[in-house]
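First residue of the sequence shown? That's 432 in the working numbering, and the numbers climb one at a time after it. Each remark here refers to the structure printed beneath this line.
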Amino acid sequence: MENQQQLPTELYWGTPHDVCQIEGFWYMAGFMEATTAFRSEFEPMKDDILLTSFTKTGTTWLKALCYNILDEEENDVLAKENPHDVVPTLDSTFLQDQVQHLLVNSPPGRSRLLHTHLPCSYLPEKVRSSGCKLVYVARNPKDTLVSLWHFLNKNLKADPFPLERAVETFCRGVMPFGPFYEHVVGYWEESKKRPDEVLFLKYEDLCRNPREQVRNLASFLGREANIDVEKVLWRSSLNRLKELKVNKDDDIKEGQHVHHSAFFRTGTVGDWKNYLTPDMVQRIDQLTQCL
């Protein structure tokens, strides 16, 4: 494991939690044991499907869509389970007993559906050579920032973190898995090098044309033949999921870090316009122009 005492470290957005910098990206210090174990011990299989994303870019929806595309038994599991419980995020949960059980005891012939927030350059080396498929979802940086700010404030047991400071640290890249732009570009470039193995999705495209995007996603996953697009979209709908009892539960279960309801807000494209000032927008947009 990385020697955290020798790494650049800062407090994360007004929380008592440290983020530490490794190879140009920032990570939650409290999850580094799981992250290190994931990178060194994970044994990928060719049929694995690894979902990847920056935080608050549509991870919950992507997990739901892919789970329902692959759900050949049509049990509507997500009526009783949260997407994050059935599709584990390995960089934070790899050492948990239930995750290890899932990795070892997946049914034969069925793809393991997994997730990570790690940047492309920090993925386990075996993932690159395994032939498994990666699906990345990107989102407008301003909506990502506002969603992350709401998510953090909802879970803070303290005064809300000022939006002005959130913009400043976002632009500096000091947040888990940041910098944001380098994270996105890493997967974009990988998708161009390996289009048969890496699919790059945009959250806005999923919102504007969900049927076409789900068909493309199903085709990439090798499930286009028998897919019921309307059923997948309905079962995966954030409006439906957030009204289910399992996702209204504010109890934090063993092995979890936030309650299920925290994963659902508006999911609206362009919500940043209700929060960011022109100066904030200019600062964020300038980073995009520098790429």
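We put the CB at the ideal spot given by N, CA and C, even for glycine. Every value quoted in this text rests on a predicted model; they were computed, and no experiment measured them.
Pop quiz: residue i and residue j are said to be a contact at Cβ under 8 Å. What is the actual Cβ separation, rounded to whole angstroms?
i	j	result
Ala-465	Ser-523	6 Å
Thr-486	Leu-579	6 Å
Ser-542	Asp-479	6 Å
Asn-499	Arg-666	5 Å
Val-530	Pro-519	5 Å
Lys-477	Ser-561	6 Å
Thr-440	Tyr-634	At roughly 31 Å, the Cβ-Cβ gap does not stay under 8 Å, so Thr-440 and Tyr-634 are not in contact.
Leu-632	Ala-510	Going by Cβ atoms, the distance from Leu-632 to Ala-510 rounds to 25 Å, so no, they are not a contact pair.
Run through DSSP, which three-state label would residue i get?
i	result
Trp-450	Note that residue 450 is Val in the sequence shown, not Trp. Reduced to three states, the DSSP call for Val-450 is strand.
Ile-658	coil
Met-711	helix
Glu-635	helix
Met-432	For Met-432, the pLDDT reaches just 48, beneath the cut-off of 50, and the residue's location in the model is therefore unreliable, although a value from the coordinates is still provided. In this structure, Met-432 counts as coil in the three-state DSSP scheme.
Gln-437	helix
Phe-462	helix
Trp-703	helix
Val-629	strand
His-548	coil
Thr-697	coil
Leu-672	helix
Arg-642	helix
Arg-541	coil
Cys-497	helix
Asn-584	helix
Pro-514	helix
Gln-531	helix
Phe-611	helix
Val-605	coil
Glu-505	coil
Asn-647	helix
Lys-477	coil
Leu-554	coil
Asp-574	helix
Determine whether the beta carbon atoms of residue i and residue j lie at a separation below 8 Å.
i	j	result
Glu-613	Gly-445	no
Asp-650	Tyr-567	Checking the sequence shown, residue 650 turns out to be Ser, not Asp. Cβ distance not < 8 Å, so Ser-650 and Tyr-567 don't count as in contact.
Ala-544	Phe-469	Looking at the sequence shown, residue 544 is not Ala but Leu. No, the Cβ-Cβ distance between Leu-544 and Phe-469 is not below 8 Å.
Leu-481	Cys-563	yes
Asn-678	Asn-513	yes
Leu-442	Gln-452	no
Thr-490	His-581	no
Ser-668	Gly-617	no
Phe-608	Tyr-458	yes
Pro-572	Thr-697	no
Thr-483	Leu-533	no
Val-663	Leu-496	yes
Met-711	Val-598	yes
Val-558	Pro-475	yes
Val-660	Arg-642	yes
Leu-583	Tyr-706	no
Phe-462	Pro-555	no
Could you check if residue i is buried or exposed, using at least 16 other CB atoms within 10 Å of its CB as the buried criterion?
i	result
Ile-715	buried
Arg-570	buried
His-548	buried
Leu-722	In this prediction, Leu-722 has a pLDDT of 47, which is less than 50 and means its spatial position is unreliable; nothing more can be read from the coordinates.
Asp-528	exposed
Lys-704	exposed
Ala-656	exposed
Gln-644	buried
Asp-574	buried
Thr-708	exposed
Met-432	Since pLDDT at Met-432 reaches only 48, below the 50 mark, its modelled position is unreliable, and the value read off the structure follows with that caveat. So Met-432 ends up on the exposed side.
Thr-600	buried
Under the DSSP definition of a beta bridge, which residues are partnered with residue i?
i	result
Ser-484	Val-568
Thr-719	For Thr-719, which the question treats as bridged, DSSP gives no partner whatsoever.
Val-598	Note: Val-598 sits in no beta bridge, so no partner.
Phe-456	Ile-453
Leu-579	Answer is none; Leu-579 lacks a bridge partner.
Thr-520	His-546
Leu-442	Asp-449
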